[in-house]
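Using the numbering used here, the letters of the sequence shown map in sequence onto residues 50 to 437.
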Amino acid sequence: MNVPYDCLVIGAGLAGAVAARELAERGGMRVLVLERRNHIAGNAYDPADESGVIIHQYGPHIFHTRDRRVFDYLSRFTRWRNYQHRVVANVHGVEMPVPFNLTSLEMAYGPERAAALEKKLLAAYGAETKVTILDLRRSEDPEIKALADYVYEHIFLHYTMKQWDQSPEEIDPNTTARVPVFLSRDDRYFQDPWQGMPLEGYTALFRKMLDHPNITVELGVDARTRMTLDAAGVRLDGAPFPGLVVYTGAVDELFDCRFGRLPYRTLEFQFETHPVDFYQSHGTVNYTVSEPWTRITEFKYLTGQDLPGVTTIAKEISHAYTGAAGETPYYPIISPDNQALYARYEALTRNLGRFYLLGRLAEYKYYNMDAIVARALALCDDLLQRKE
């Protein structure tokens, strides 16, 4: 029987697109990509709205990395706009840089007291370093602890409660470690050596990545209507499929949530268009002590789009993922119980032959964009080495 494809990739987001390109280009495989949504690019999809403003439909995506291979790889498919992301927190009407840094310290405490605290912080932790809020709270110095309590209360606590509906102590340390205090006056949100925005947008980047004669992309197709799993392995359109399968979707949904649904946080975006050049001072303003939303993103800062007299913002509200229509699972809730539940689903894939889980939903892990590109490249390195 002649099988028209050597590889099946489920999902046309970053994980799936990179895997498809690598297996098609380096491996010479015929790849079929099935995408449930009606567009490529996954959560990085960036269409123009009705007012002509380019938006990030599933929330802001800012590329940054310390991995030269990742940067060089994506640079094959895009040129870059030099964009240095800066975020401020609205603290009782005062905007201060986030992560909380030495500039924020001066705005919160005034020049004289801030200078004394800065001296202590630099002596204890060193200049140009990042220290987590939870680490600062463990300090034995009463002034540093008082500072940590201020940051904890005004920058971290309420924001975290809105984002996760948990206290920081209940959250996995790998998550809280992502919220640092930066002992520097560098107001950039990221200090990675390579950062920026795709010059023509993310969707254009994906379009070029998937533009290969060995790749076929089918949109608006739920893989579960085409792919079935049984004791014999994988079937595609009812026939045995002996090729590779790279699955980037939700692993619990792959098995109809038979052990229960894996918990996630989802995000609701309230888009608003305003008849002004700019609505706010920065691309992202975090609301750390007020408002029901965690942050407001204004996309023209991110994209650099020149469109006078109109701008679009998105207010971002976090809540529990239920699996309801229209909801997107964004952030896995890492805990021992949830990891154990994931392990039960992962075990079901081990008897499916050459079936590989890749990505945030499939692996139940939090990945930044550069990390998932690196993970996809590493998986394909391994798969192609086995083929040789």
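Where is the CB? At the ideal position from N, CA and C, for every residue including glycine.
Can you have a look at residue i and say buried or exposed, based on whether 16 or more other CB atoms are within 10 angstroms of its CB?
i, result
"residue 355", "exposed"
"residue 324", "exposed"
"residue 146", "buried"
"residue 432", "buried"
"residue 312", "buried"
"residue 327", "exposed"
"residue 50", "Bear in mind that the predicted position of residue 50 carries a pLDDT of just 49, short of 50, making it too unreliable to give a figure here."
"residue 268", "exposed"
"residue 339", "exposed"
"residue 389", "exposed"
"residue 367", "buried"
"residue 168", "exposed"
"residue 61", "buried"
"residue 330", "exposed"
"residue 143", "exposed"
"residue 153", "buried"
"residue 286", "exposed"
"residue 430", "exposed"
"residue 75", "exposed"
"residue 131", "exposed"
"residue 195", "exposed"
"residue 279", "exposed"
"residue 347", "buried"
"residue 138", "buried"
"residue 121", "exposed"
"residue 157", "buried"
"residue 236", "buried"
"residue 400", "exposed"
May I ask which residues mark the beginning and end of the alpha helix (DSSP H) holding residue i?
i, result
"residue 120", "117-124"
"residue 387", "385-397"
"residue 141", "Unbroken run through residue 141: none, as it is neither H nor E."
"residue 301", "300-303"
"residue 207", "207-213"
"residue 282", "Premise fails: residue 282 lies in the beta strand (DSSP E), 282-285, not in any alpha helix (DSSP H)."
"residue 202", "Premise fails: residue 202 is in no alpha helix (DSSP H) and is neither H nor E."
"residue 412", "409-412"
"residue 74", "63-74"
Going by DSSP, name the residue or residues bridged to residue i.
i, result
"residue 57", "81, 294"
"residue 378", "315"
"residue 266", "82"
"residue 178", "Residue 178 is not bridged to any residue."
"residue 322", "361"
"residue 258", "None, per the DSSP bridge assignment."
"residue 97", "103"
"residue 366", "317"
"residue 288", "285"
"residue 128", "Per DSSP, none; premise fails for residue 128."
List the whole-angstrom C-beta distance separating residue i from residue j, where the pair is believed to meet the contact cut-off of C-beta under 8 Å.
i, j, result
"residue 58", "residue 69", "5 Å"
"residue 110", "residue 93", "5 Å"
"residue 229", "residue 266", "In fact, because the Cβ distance is near 39 Å, the residues do not count as touching under 8 Å."
"residue 295", "residue 407", "5 Å"
"residue 136", "residue 333", "4 Å"
"residue 190", "residue 419", "No, residue 190 and residue 419 are not in contact; Cβ-Cβ is about 36 Å, not under 8 Å."
"residue 410", "residue 297", "7 Å"
"residue 320", "residue 104", "7 Å"
Are residue i and residue j close, meaning C-beta to C-beta below 7 Å?
i, j, result
"residue 466", "residue 114", "An answer regarding residue 466 cannot be provided, because it is not within the stretch 50 to 437 covered by the chain."
"residue 197", "residue 186", "yes"
"residue 203", "residue 140", "yes"
"residue 251", "residue 95", "yes"
"residue 63", "residue 91", "yes"
"residue 405", "residue 301", "no"
"residue 127", "residue 232", "no"
"residue 415", "residue 316", "no"
"residue 506", "residue 397", "As displayed, the chain neither begins before 50 nor continues past 437, which places residue 506 out of reach and without an answer."
"residue 73", "residue 264", "yes"
"residue 423", "residue 258", "no"
"residue 337", "residue 365", "no"
"residue 79", "residue 54", "yes"
"residue 292", "residue 56", "yes"
"residue 165", "residue 155", "no"
"residue 175", "residue 282", "no"
"residue 391", "residue 370", "no"
By the DSSP assignment, the beta strand (DSSP E) with residue i in it spans what residues?
i, result
"residue 245", "243-247"
"residue 152", "Not the beta strand (DSSP E): residue 152 falls in the alpha helix (DSSP H), residues 151-158."
"residue 405", "404-406"
"residue 112", "112-114"
"residue 336", "333-336"
"residue 231", "229-231"
"residue 219", "It is not in any beta strand (DSSP E) - residue 219 carries neither H nor E in the DSSP assignment."
"residue 344", "344-347"
"residue 278", "276-279"
How about residue i: is its Cβ closer than 6 Å to a heavy atom in the ligand GDP?
i, result
"residue 78", "In terms of ligand content, the structure shown is empty, and the ligand GDP therefore cannot be addressed."
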